[in-house]
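Worksheet: the structure to be examined is printed underneath.
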Amino acid sequence: MSGLKNEVDKFCERLRLPVYSGYTIDTDISRIANAFYIQAEPTFEELQKLIKTTSDSDNKLDDDDLMQIIVTCANFIGEELWTNPNLNKNAIATIELLITIQPDRFPTVTHMIQTFVPKILEKYVKPTFMKYPVNVDKRRNGKSKRKTVDFDSANESWRGEVAQCSNLLLWCILHLKNSEIEKTIGLIIPPTLSLIDDYNVDFKTRGVSILDHLLKKLKQDTIHQTGLGDVFHEALSKCLTYQSETSHVSLLRQSFSAIISLISLTEKTNSETRYIKYEQILSNNVVKGFIFSGDKIVIRIILLQQIPKLAEELGIVTVKYIQELIHVICDSLEFPFEFTNKEQMLELHLEAAKGIEKIIGVCWPSLQQLHGIN
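Position 90 (the sequence shown) corresponds to 125 in the working numbering; numbering is contiguous.
The following block contains the structure:
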């Protein structure tokens, strides 16, 4: 192993994230994080100096070195628990520095990242999830069916890696062009479904967020050809049942966004299947969701936010649920102020008003025929 490669390995090892990553219940998390920050900032500076010395040297960084540095830096880009603005800035500066040593090959940072994404997914993301793969069996009719994954909850080291790899996976997807997504779909879907299948709500949320971004880049034909539409719908439908705790807010918000995008992408406009799926969400997850949400205002707000979206899609079909919808909206408007966050109450009332406005807009031809809601 060359001296340059040894140096790269040494700096990247110093920047390896602590095992606590992804956990907020560790009482020592602040102490560990602060100690890591103190070590990480000067390490980035040393790594940048090393990169600069390779620009005019025969001792060049090879592709493995470049990928290792990119992956290490990617972990610090974003708003994760283990990073901060200074580390974020240093990570971006380090990646930008890499293109200066091979300007002809990599005219831009985006071009460099897109070049390495398939190999990064194969070498860094895939191995982490290989131990707990999501099994997708083919049914006789050609559609895919997902099996439940049996995770080893005691493997804390593995779970720390997952937090980092999920961040890396999303980062890769955000940098890929729509056409390039299809080429790497086999490396993206298994870890995404593994995250959604996890019992940990934080990891489920990560998985749904990744899927939501993915759906914005996938073509309808790709989902139909792979038979993944039903797999995604089943996974997201389960996530929509998480409505009883305030800790479920992010998961619920992301899941509604993703499943609405999925249906819009996979089902033809005005098709019966499209109406049925939207209707199921309105009935099973929104209307009934108010029962499980109880006095959790933040959950109620999420549910109310879905009413205008679903009413827009369903149109006059919404009238089938108008009495239930008016009931839950009025309940939200009459929610007691005692011991309640004022800003949350204002948001609750605002979303309820938007719901009423939309229902009137799409159901007005039938309102006079209904009794007890005028």
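The beta-carbon is built from N, C-alpha and C at its ideal position, and this holds for glycine as well.
Original post:
For Gln255, which three-state DSSP category applies?
Top reply: helix
**OP:** With distances taken Cα to Cα, identify the nearest neighbour of Val43 among Ile86, Val160, His146, Ser290.
**Re:** Ile86
Original post:
Between the Cα of Asp256 and the Cα atoms of Pro153, Asp232, Glu217, Lys393, which residue gives the shortest distance?
Top reply: Glu217
Original post:
Closest by CA to Asp237, which one among Lys273, Lys212, Val284, His268?
Top reply: Val284
Original post:
What are the boundary residues of the alpha helix (DSSP H) that Gln289 is part of?
Top reply: 284-301
Original post:
Got a sec, what are the start and stop residues for the alpha helix (DSSP H) Val321 sits in?
Top reply: No alpha helix (DSSP H) contains Val321, which DSSP labels as neither H nor E.
Subject >> Stretch-stretch touch, CB-based, cutoff 8 Å, three pairs: the segment 98-118 with the segment 139-153 >> reply: yes
Subject >> C-beta contact flag for Leu287 and Ile337 at 8 Å >> reply: yes
Original post:
Around the Cβ of Gln358, are there at least 16 other Cβ atoms within 10 angstroms (buried) or fewer (exposed)?
Top reply: exposed
Original post:
To the nearest angstrom, how far is it from the Cα of Gln74 to the Cα of Leu39?
Top reply: 21 Å
**OP:** Would you check whether the ligand NAD has a heavy atom nearer than 7 Å to the C-beta of Gly396?
**Re:** You won't find the ligand NAD in this model; it holds no ligand whatsoever.
**OP:** Please classify Lys212: does DSSP put it in a helix, a strand, or coil?
**Re:** coil
Original post:
So the alpha helix (DSSP H) Gln341 belongs to, where does it begin and stop?
Top reply: 332-349
**OP:** Assess, as a yes-or-no matter, whether the segment 305-318 is touched by the segment 252-267 under the definition of 3 or more beta carbon pairs within less than 8 Å.
**Re:** no
Original post:
Taking the Cβ atom as the reference point for each residue, do Val363 and Val322 lie within a distance shorter than 8 Å?
Top reply: yes
**OP:** Taking 8 Å as the cut-off, decide whether the C-beta atoms of Ile342 and Leu360 are in contact.
**Re:** yes
Subject >> Lys40 at chain C interface by Cβ criterion, 8 Å >> reply: No chain C appears in the structure shown, which is made up of a single protein chain.
Original post:
According to the neighbour-count rule (16 or more other Cβ atoms, all chains shown, within 10 Å of its Cβ), is Glu80 buried or exposed?
Top reply: exposed
**OP:** Could you have a look at Thr107 and say whether DSSP puts it in helix, strand or coil?
**Re:** helix
Original post:
Taking Ala198 as the reference, which of Pro77, Phe164, Pro225, Glu215 has the closest Cα?
Top reply: Phe164
Original post:
Can you tell me whether DSSP reads Pro371 as helix, strand or coil?
Top reply: coil
Original post:
Which residue from Ile223, Lys273, Ile231 puts its Cα closest to that of Gly242?
Top reply: Ile231
Subject >> Anticipated Cβ contact below 8 Å, Gly390 with Leu339, distance rounded >> reply: 5 Å
Subject >> Leu222 burial status per 10 Å Cβ neighbour count (16 or more: buried) >> reply: buried
**OP:** Give the secondary structure of Asp232 by DSSP, where H, G and I count as helix, E and B as strand, and everything else as coil.
**Re:** helix
Subject >> Cβ separation of Asn121 and Ile112, assumed to be a contact under 8 Å, to the nearest whole Å >> reply: The pair is not a contact, with the Cβ atoms about 12 Å apart (cut-off 8 Å).
Original post:
Can the beta-carbon of Cys207 be found less than 8 Å from the beta-carbon of Lys239?
Top reply: no
Subject >> Candidates Leu368, Ile395, Pro371: closest to Tyr356 by CA position >> reply: Ile395
Subject >> Best match in Phe370, Asn305, Val160 for proximity to His384 [C-alpha to C-alpha] >> reply: Phe370
Original post:
Ends of the alpha helix (DSSP H) at Ser272?
Top reply: 264-274
Subject >> CB of Ile351 within 8 Å of CB of Pro400, strictly >> reply: yes
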